[in-house]
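Working notes, beginning with the structure itself.
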Amino acid sequence: MAEKIIVTSALPYANGPIHFGHVVGAYLPADVYVRYRRMCGDDVHFVCGTDEHGVAITLKAEREGTPYEAYVDHWHTTIDDTLRRMGIEFDVFSGTSHHRNPHHRALAQQFFLDLQAEGYLLEKTEEQFFSEALGRFLPDRYVTGTCYLCGHENARGDECPACGKYLDARQLIDPKCSLDGSTPVLRETTHWYLDLGRARDEWLRAWIESKRGQWKPNVENFVLADLEDLRARPITRDLPWGVPVPVDGADGKVLYVWFDAPIGYLSISRQYWTDRGQPERFEELWKDPATKLFHFIGKDNITFHAVVFPTILRGAGKGWILPENVPANEFFNFEGRKFNTSSGWMIPDEAIADVPVDALRYALCTMMPETADSDWTWTEFQARINGDLADNLGNFVSRTLRFIERFFDGEVPACGAETAADGALYAAAERAAAEVREHLSAFRFRRACQAVMALGHECNRYYDTEAPWTSVKTEDGRPRAAQVMRVCVEMIRAFAHLVAPVMPTTSATLFASIGAAGTAPSLDAVGARPTEPGAIPGAPLTSCLPRFTDARGQEKAALFTKFPDQRVAAEEERLRTLREHMEAETQSETPEPTHDPVATTIEFDTFAAVDMRAGTIRRAESHPKADRLLVLEVDLGFETRTIVSGIAASYAPEELVGRRVVAVTNLAPRRLRGIDSNGMLMAGDGDDGKPRLIAPDPATPDGTRLS
RNA sequence: GGGUCCUUAGCUCAAUCGGUUAGAGCAGCCGGCUCAUACCCGGUAGGUUGCAGGUUCGAGUCCUGCAGGACCUACCA
C-alpha cells in the first residue's frame, strides 16, 4: 500500500561550505531512502533548504560589508551546487530568508502566535545592552570590553578571545558597542521562552516512550535522558536579521534561529506546493495522521528534532504531525580527524573529479556512520571502488556483455531450459532484494550495499562454475552457454533494480545495456523470470558503457574504472605532510593569529594599566570541580601565586611544570568554581579553537614586567 | 560536573532475547581458471572481543570500576 511520506534533511547553515561529513550524515542517506521509497511506490515529498538566520550570519555579513541577502545567497548557491553534484535531488531546495521564501516569515510567526495562544510560551524580562546611538539592543557578540576574568581588553560579550571563555556580557568592564564604539547602556528587554517542561509532563514523554524499539537505540536513550533536564528555552533575540516577533512593542526582536529553522521544513514545503498551484496539498500532507515524517540529521541535532521541534509542532495545537522517526547518523571523519576545510584536511575536488557520482555515493554509503563515528580513508575508498564496483559488479557485467558480443553476435539469447543452478541464482537475487528492502527500511545503508555485492559474488561464482567459455565451443554445449548468458543478463537486470537507490545513473546504464532502457526500477521485479523470454536483438551491450584505457593501454568499455594506486599514494602523501605541519603548529608556542577585527582604539594609559609579568609554572593540577580548568602555581620571581586557567583542553598538568608563561598580575582576583585565581595567563586560540599559552623570551627572567 | 554512545582479526565492519566453535570483506599466503577491467573462483591463515572485577549453567552482549574517543549539556577560565 502506497504511503504518504515526508523526508527532510537537516537545513545546512548558510555560513560556509558543506563537506562530505555533512553529505554522508544527512543528505545522502535521505536521498537514498527517498529513492528507495519511491521505488516501492510510495508518495514521497523531499524537502530541504538553507538555514539563513542567526547571529553568526549577521556578524560575518556585516564584517564583510555584504548585505545579509547577498551573503546567504552566496552560500545557498554553493551548498546547492555541492548537493546537486552528489546527485541529491530534493523536490525543493529553498531557504528561510524572506527574499528566497516568502512563506517562511508568516508561518514562523503563526507558530509563535499559536504557541502563545496554547500557553506554551513564557515571558521573561531581563537586562541587556542597548545602543542609544543605533537605537537597538546589542546581542552579546556586538559588545566588547575588558574581560572581567582575565583582563583582556578586547573581549567579546559572549566570549573572551584571550582566555577563550564564555562571558556574561553584562559584567564586561568598560563595555563598548563593536559597531560604532559608543558606550551601550543596560536596558530591560522582554524575551519569550518555549515551555518544554510542560510538553514533557503532558505528552512528550509518553510520545517518546511510545517510540521505544522503533528509533535507533542511541537516539532513543539520548532523548530519554534529555527529558530529565528539560527547561524552558528562549526563542527570541534582539537582532536586525530574522523573523520579526509578531507582538506589539517587540520591535527589533526576531525569532531565535533554532526556533525558526525547523519551521523552514514546513515553509519550504508550503512554498513548493504554492508555486505548483496546489497550495492545499501542503496542509493535507503535514496534517494527515497517516503521513510519515522522517528527519535525517547528524547526532548533534537529536534533541532539536526529537524534543524541541515536536513540541513546537504539537504545542501549536493545529494538528501538525510529529516525526515518525529521526534517523540520526553519527559523525564522519577524514583519515582519523574531523574534516577541516580551511586547513585542507578534506577531500580535494581535483582528487575525485573524474570519479563518477554513483561511485562516490556507493563508497560513502559503505562508510556511513550509522552506529558509530566512521572514517574516510583513501585505501578504503579505493577498495570500495575497485574491489566492489569495478572488480565484482563491473567485471561481471563486462564479462557477460563481452561474451555475448563475441560468441552470440551481440544478440542476447532467448531463455532455455533452466537448471537447478539457474534457479538457485534467481533465488539468490530474490533474497538480495529482500535484504536490501529490509536494510533500507531500517536505515542500514551499509548492509544494503553489502547485500548487493554478495549477489555480485554469487553471480561470478555461477559464471565460473558454469564455464560458458568451454561449453560454447562445442555444438552440444552451446545451448547451455546461451542459457547461462541469458541468466547472467537477467542478473544484470536484477542489479539495475537493486542499485537504483544508491546509484541511479548506473541503474539506467545497466537497463540500457540489455535493451531495457527506461525501465522503472522495482525491488519486486528482482528474481522474477523474464516476462519476455525471447532473444533480445539490438541490445547496445558494452557500447553504452563508459570508455577507459586498460592496464595494457587498450581502450575498453566498463561500468566503473578503477581508482589508481598513484592517486591514493599521492593523497596519502599530501595528508602525511599536512599532518606533520598541523602537529608542528600544535606544538608551536606561537598562537595562531586570530581573525577577529581590531578592537576599539585605546589610549596608552589604558594599556599601561595592565601589569604583565614573565613567570614559570611550578605546580599544576586539575581543578577538582571543573573539567576545563587547571590550578597553577606560577613563580613570578618575587612571589608565587595561584592562578586558575582554562587550558585543560590543551595541556596535561604534568607537561606544564617548568613552562614559561606571561601572567597578568594586577587583575582583580576571582573565585573560579571554588578556587581563587590571582591573575591570568596570556594565551591565544589555536587553529583547533583550543587555547595555547604564550611564552616569554628565555632572556626575560621571572618577574620581568612586559610591555 | 550530569548525560548518551563507541572501543571486536593488520584495516573497515558484523554477531537478533544472554546460548553451538565470535563471522564477512579488504590486505596476506597457497592453488585453479582465461569469458572478463591483471579480473574471477577455491582453499588457508589471522582473536585474551580496550583493561580489571562481578552476576550467570553460559557474557562480545548484563552490572561495577578504570583507560581512550565522539557528541549533548552545565559550570566557565
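Residues in the first sequence are numbered consecutively from 138, following the working numbering. We put the CB at the ideal spot given by N, CA and C, even for glycine.
Among the options, the one whose alpha carbon lies nearest that of residue i
i, options, result
"N529", "I434, F396, K699", "K699"
"E339", "P605, W395, L712, P447", "P447"
"Y117", "D385, T195, D218", "The question about residue 117 has no answer here: the residues shown for the chain are numbered 138 through 844."
"A520", "A500, R539, G178", "A500"
"S535", "V492, I629, E263, Y330", "I629"
"G224", "T802, G334, D546, R172", "R172"
"G452", "Y600, D491, D251, F582", "D251"
"A672", "F545, Y599, R778, H594", "F545"
"E226", "D210, G202, F274, R175", "R175"
"F697", "T145, D525, E269", "D525"
"C681", "F471, T642, A706", "T642"
"V801", "V747, R200, T283", "V747"
"N597", "K197, V609, D559", "D559"
"A245", "F775, P381, G158", "P381"
"E776", "L538, F230, S659, T841", "T841"
"P667", "W329, E612, E555, L430", "E555"
"T516", "P683, T656, V705", "V705"
"L660", "S644, E669, G202", "S644"
"K313", "A343, F274, W329", "F274"
Sub-8 Å separation of residue i and residue j beta-carbons
i, j, result
"L793", "L769", "yes"
"F580", "E507", "yes"
"T440", "D366", "no"
"F248", "I458", "no"
"V280", "D228", "no"
"E260", "T327", "yes"
"L333", "R370", "yes"
"E467", "D510", "yes"
"G547", "L678", "yes"
"A588", "E567", "no"
"R584", "H576", "yes"
Inter-residue Cα distance where the pair is residue i and residue j
i, j, result
"H634", "A569", "11 Å"
"S725", "H718", "Reliability fails at S725, whose pLDDT of 43 lies under 50, so the model's placement of it is uncertain and the value that follows must be treated cautiously. So the alpha carbons of these two residues sit roughly 10 Å apart."
"I142", "P550", "42 Å"
"D425", "D217", "30 Å"
"A151", "E189", "5 Å"
"R88", "A167", "Because the chain here runs from 138 to 844, residue 88 falls outside it and cannot be looked at."
"R574", "G178", "13 Å"
"T187", "W212", "8 Å"
"A653", "E417", "38 Å"
"R324", "A336", "32 Å"
"Y563", "E487", "41 Å"
"E255", "S578", "36 Å"
"L392", "G401", "13 Å"
"R242", "Q415", "20 Å"
"P605", "V626", "14 Å"
"A557", "L647", "26 Å"
"Y409", "G232", "11 Å"
"R237", "T514", "38 Å"
"V492", "F685", "12 Å"
"S234", "E206", "8 Å"
"G614", "V621", "11 Å"
"P239", "R407", "10 Å"
"A443", "T214", "29 Å"
"A299", "A147", "In this prediction, A299 has a pLDDT of 49, which is less than 50 and means its spatial position is unreliable; what the coordinates show is noted afterwards. Computed Cα separation, rounded: 33 Å."
"D317", "D210", "27 Å"
"L220", "H156", "10 Å"
"E472", "D437", "21 Å"
"S268", "W395", "25 Å"
CB-CB length for residue i against residue j, believed under 8 Å
i, j, result
"G435", "A398", "G435 to A398, Cβ: 14 Å. No contact."
"D839", "T753", "5 Å"
"V636", "R222", "Wrong, their Cβ atoms sit about 19 Å apart, outside the cutoff."
"P833", "A751", "4 Å"
"P204", "T478", "Not quite, the Cβ-Cβ distance comes to about 24 Å (not below 8 Å), so this is no contact."
"C552", "R623", "5 Å"
"L376", "L258", "L376 to L258, Cβ: 18 Å. No contact."
"R830", "G816", "According to the sequence displayed, residue 830 carries Leu and not Arg. Going by Cβ atoms, the distance from L830 to G816 rounds to 13 Å, so no, they are not a contact pair."
"V144", "F433", "7 Å"
query = Would you call the region 158-177 and the region 341-359 touching, i.e. three or more CB-CB distances under 8 Å?
reply = no
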